Each structure stands twice: as structure tokens, then as C-alpha cells.
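Let me begin by presenting the structure, written as C-alpha cells, before commenting on it.
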Amino acid sequence: MASSSSATEGLGLSEEDYEVMYGSESGWVEARSSCDHLPSLSADLSHIPPPNTPCHTCQHPSENWLCLSCKQVLCSRFVNKHMLHHFTHTNHSIALSFSDLSVWCFSCDAYLDAQLIPQLRPVHQLAYIMKFAEPPPLPLIQHQPSSATSD
């Protein structure tokens, strides 16, 4: 990534404004583009429960996650922590949030970029279509300036 001073010039932002928008205080989390736990994914992620499926354990209707290993739907750590308990008992690492369609790896303790990781893209697209009844927008491709200079 470019230094913040060159980035601020291109965006017309002061260093302070840039740090607030893009720095650690912004709350922005960079999703990983790879994960060692992808081999644990279910072989059939083309058939998943609908996004409004309640938690398998407590029947809570929202904040639920889909285990991408066994396809069980369980609630988040902000409800009754059933997906977290599932991970600790089964070591099924990767789950998709039915709330915001983010993908989390419990073993890596990180979000995964489902649009960049080929093994996750189909299930992410399917969940998006099931939730919004339309395909997801194409991901934005960031243009990386060429390091070569012309003389």
C-alpha cells in the first residue's frame, strides 16, 4: 500500500483525516485472501439452508452463522455463542454470517474475503441470491499503479 502521505495527496485529505478514515481507529478490518483451513469446507456448498434459518440449538431467529463444513446453522457470539461452541467441539473453522454474508475463520481468528477466495465465492454468491433475490454486485478491482516509469 502507498504511504499515507502519498495516499492523502491523491485523496485530497489531511494526514489526520486519512488516519480517521483508513487507520486503525476507523474499525476497518482487512479480510484475508487465503486460509489454511479451506480444505475443511463441505464438498457440497451448492445446497445450503436459507438465510432466515433459526439457530439449530436455541431457535434464535437472527445473527446466525452457517458452518461451511457441516452446514449447521448456529447463533453468533452476540446471542448464545452456539457457533463458537460448535467450533470448539468440532474444530469446524469456517462459517458464513447470514446477517452480513461475511466469512470468518475461527482458527485464523480472521475474516476471509469470499469474493477473492475461489472456494468461497460460489457459496457467498448463493447466500447473497437467497437473501436479496439478485446476484451480488461485481467486486471493485483496485487499480495498482505500475512501478515502471517511462522516460
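Just so we're aligned, residue 6 is where the sequence shown starts under the numbering used here, counting upward by one.
Backbone N, C-alpha and C fix where the C-beta goes; we use that ideal spot for every residue, glycine too.
What you are looking at is a predicted structure, and each value in this text was computed from that prediction instead of being measured.
Each residue's CA atom was taken as its position, placing residue 136 and residue 110 some 22 Å apart.
The criterion of a C-beta distance shorter than 9 Å is satisfied by residue 37 and residue 118. Contact annotation: the stretch 62 to 74 touches the stretch 95 to 104, with at least three C-beta pairs closer than 8 Å. If you draw a straight line from the Cα of residue 43 to the Cα of residue 51, it comes to about 16 Å. If you draw a straight line from the Cα of residue 133 to the Cα of residue 140, it comes to about 7 Å. Contact check for residue 65 against residue 59 passes: the beta carbons are separated by less than 9 Å. Annotated three-state conformation of residue 84 is coil, per DSSP.
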